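Here the sequence shown is numbered in my numbering, starting from 4 and rising by one per residue.
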Amino acid sequence: MKNMSIKKKVTLYYSLVLIGITVLILGVFIVIMDNQTNTISSGTLKDAVQNSFEDIESEHSTLQIDDDFDNYYKGVTLLVYSDKGDLIKGSVPAAFKAATPLTTGKLRKVETANDTWLVYDLHNTYDNGQGIWVRGIYAMDNEAAYLRSIIIIMLIILPILLLLAILAGRRITKRAFAPVSDITEAAQTIGSGKDLSRRLPVGANKDELYYLTETLNDMMARLETAFKAEKQFTSDVSHELRTPVSVVLSECELLLKENHDGAEYRESIEMIQKQCKRTMALIQQLLQLSRTMDKETVMEKERLDLSALCRDMVDEYSKVAEEQGIEMEANIENQIFFNGDQTLLIRMMANLLTNAVKYNEAPGTVWMTLSRNEKNTVITVSDDGIGISEEDQKNIFNRFYKADRSRAHEGDSFGLGLAMVRWIAEAHGGEISVESTLGQGSVFTVILPEA
4 MKNMSIKKKV TLYYSLVLIG ITVLILGVFI VIMDNQTNTI SSGTLKDAVQ
54 NSFEDIESEH STLQIDDDFD NYYKGVTLLV YSDKGDLIKG SVPAAFKAAT
104 PLTTGKLRKV ETANDTWLVY DLHNTYDNGQ GIWVRGIYAM DNEAAYLRSI
154 IIIMLIILPI LLLLAILAGR RITKRAFAPV SDITEAAQTI GSGKDLSRRL
204 PVGANKDELY YLTETLNDMM ARLETAFKAE KQFTSDVSHE LRTPVSVVLS
254 ECELLLKENH DGAEYRESIE MIQKQCKRTM ALIQQLLQLS RTMDKETVME
304 KERLDLSALC RDMVDEYSKV AEEQGIEMEA NIENQIFFNG DQTLLIRMMA
354 NLLTNAVKYN EAPGTVWMTL SRNEKNTVIT VSDDGIGISE EDQKNIFNRF
404 YKADRSRAHE GDSFGLGLAM VRWIAEAHGG EISVESTLGQ GSVFTVILPE
454 A
């Protein structure tokens with residue numbers, strides 16, 4: 004049973020249930036038929052005996068039995084006895100005990116060597132004082148033969164019907180589980196890694212298998228996306244690490260080839276230091292990104308004064324912007340509170356403000372706004388800098404994506420900042436969007452719903 008397929012188990016259980024129901028029906032039918040037959044036999048016997056008195060009269064101490072008196076009525080043998088017990092009319096069946104005593108009004112079963120008889124005696128006394136007995140004898144073998152014939156018929160018909168039902172059930176089960184074979188085959192192909200883009204076949208009928216297959220297909224689509232992202236992530240990390248490591252190796256080989264003066268050594272060491280710092284910055288960002296993969300363990304929500312937090316961020320980055328000849332303006336509504344993780348929200352705004360300043364040119368301006376509508380809290384960071392092309396806007400929130408050379412001119416830019424911003428917004432149940440035009444600037448909008 005443990006190694007049996009579901010299809011075979013269902014067919015087996017279905018067959019056992021049908022067999023059980025058939026046996027139960029047959030048993031109940033036999034019991035009912037037996038009781039019903041006994042009832043009919045007893046009723047027929049009593050009626051035959053009682054009705055026989057209509058054909059018997061007593062006048063002037065003489066019994067007169069009509070010529071149409073039937074000694075054998077519907078399987079009942081009728082015998083007429085005198086008041087003293089002498090047989091007057093009828094013939095006692097050969098296998099019946101003729102000496103069986105007469106007992107009025109009592110239905111009895113009399114067993115002989117080979118047969119069982121149902122006996123009913125009735126006594127009647129006429130007006131002239133003369134009495135008479137009428138005995139009815141019914142052979143139970145007739146009832147048994149009738150019941151046996153019914154059982155034989157049932158034993159012939161029911162197995163045929165049972166076999167047909169099992170075959171029909173097996174066919175229905177096979178058709179019902181046919182999609183499972185297709186799903187299994189497709190799942191094996193996907194599991195082997197040969198084709199992760201393949202999906203499980205969806206049936207035409209919207210039954211349980213249909214919804215299960217849809218759910219599995221959605222899950223596999225997410226897994227495929229995750230595998231591709233992981234593969235791309237590994238490739239991007241390798242690419243980002245390869246450049247500084249190559250530079251460090253080149254500088255080391257150059258220093259080892261021949262003697263150099265102090266200035267050349269210092270220049271090479273500074274280059275190695277720069278590339279090590281770049282590598283360390285990448286590692287730190289990767290660690291931050293990996294720590295934020297589990298929202299439940301990372302998030303530490305509390306009630307925050309978002310208005311005060313945004314003002315602090317503007318004050319902090321105004322100094323950085325001023326050094327690059329960029330002005331920073333703010334339009335922040337008062338008394339806006341939000342349930343969120345303060346550390347993550349600061350990191351989100353810091354990344355947006357850093358990019359707005361980095362990719363702007365003097366004399367330029369960076370704006371930060373905070374507002375509240377009926378359902379959401381809205382944060383916008385905009386600039387009048389170099390802008391982002393329409394094609395790049397679709398990918399800038401992906402990890403390691405760099406829009407173009409003009410936006411990737413900084414050595415410490417790895418394309419992880421906006422990916423972190425999107426994750427933080429989504430972790431708070433919100434979303435981020437961008438609107439930008441090349442040469443005119445960009446507007447990043449974060450919408451945070453109130454819990």
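Even for Gly, the Cβ is constructed at its ideal location relative to N, Cα and C.
In this text the structure is predicted, and so the values were computed from the model without any measurement.
Using a Cβ distance threshold of 8 Å, Gly367 and Ser445 do not count as a contacting pair.
Our two residues, Ser392 and Ala333, have alpha carbons roughly 26 Å apart in a direct line. If only complete runs of 4 or more residues are kept, the stretch 161 to 235 shows the alpha helix (DSSP H) at 181 to 194, in order along the chain. In this structure the stretch 343 to 352 lies against the stretch 424 to 431, because at least three pairs of beta carbons, one per stretch, are closer than 8 Å. For Asp308, there is no enclosing alpha helix (DSSP H); the enclosing beta strand (DSSP E) covers residues 305 to 308. For Ala353, the three-state secondary structure derived from DSSP is helix.
Looking only at Gly108, Lys112, Gly88, Lys109, the smallest Cα-Cα distance to Ala102 is reached by Gly88. Comparing alpha carbon positions, the residue from Leu258, Cys255, Val248 closest to Met283 is Val248. In the DSSP assignment, Ile339 falls outside any alpha helix (DSSP H), carrying neither H nor E.
Taking the Cβ atoms as the reference, Tyr129 lies roughly 23 Å from Val79, outside the contact range of under 8 Å.
Here the stretch 96 to 110 does not lie against the stretch 66 to 78, with fewer than 3 beta-carbon pairs under 8 Å apart. Annotation: Glu62 to Asn131 spans about 8 Å, alpha carbon to alpha carbon.
Secondary structure of Val250 (DSSP, three-state): helix.
When C-alpha distances from Val381 are compared across Ile155, Leu252, Glu453, Val323, the shortest belongs to Glu453. Listed as beta-bridge partners of Tyr84 by DSSP are Leu90, Trp136.
The bridge partners DSSP lists for Gly367 are Ile329. Here Lys112 carries a strand assignment [DSSP, helix/strand/coil]. Taking the Cα of Asp124 as reference, the smallest distance to any Cα among Lys361, Ile275, Val52, Thr176 is reached at Val52. Ser374 is bridged by DSSP to Val381. From the listed residues Val137, Arg245, Asp86, the smallest Cα separation to Asp50 is found for Val137. Counting other Cβ atoms within 10 Å of its Cβ, Leu419 reaches 16 or more and is therefore classed as buried. A Cβ-Cβ separation of about 6 Å places Leu110 in contact with Ser45 under the 8 Å criterion.
The DSSP-derived three-state label of Glu267 is helix. Cβ contact annotation for Thr119 (same chain, cutoff 7 Å, sequence separation greater than five): Lys112, Met143, in chain order. Counting C-beta atoms within 10 angstroms of its own C-beta, Thr14 has 16 or more neighbours from the protein chains shown and is therefore classed as buried.
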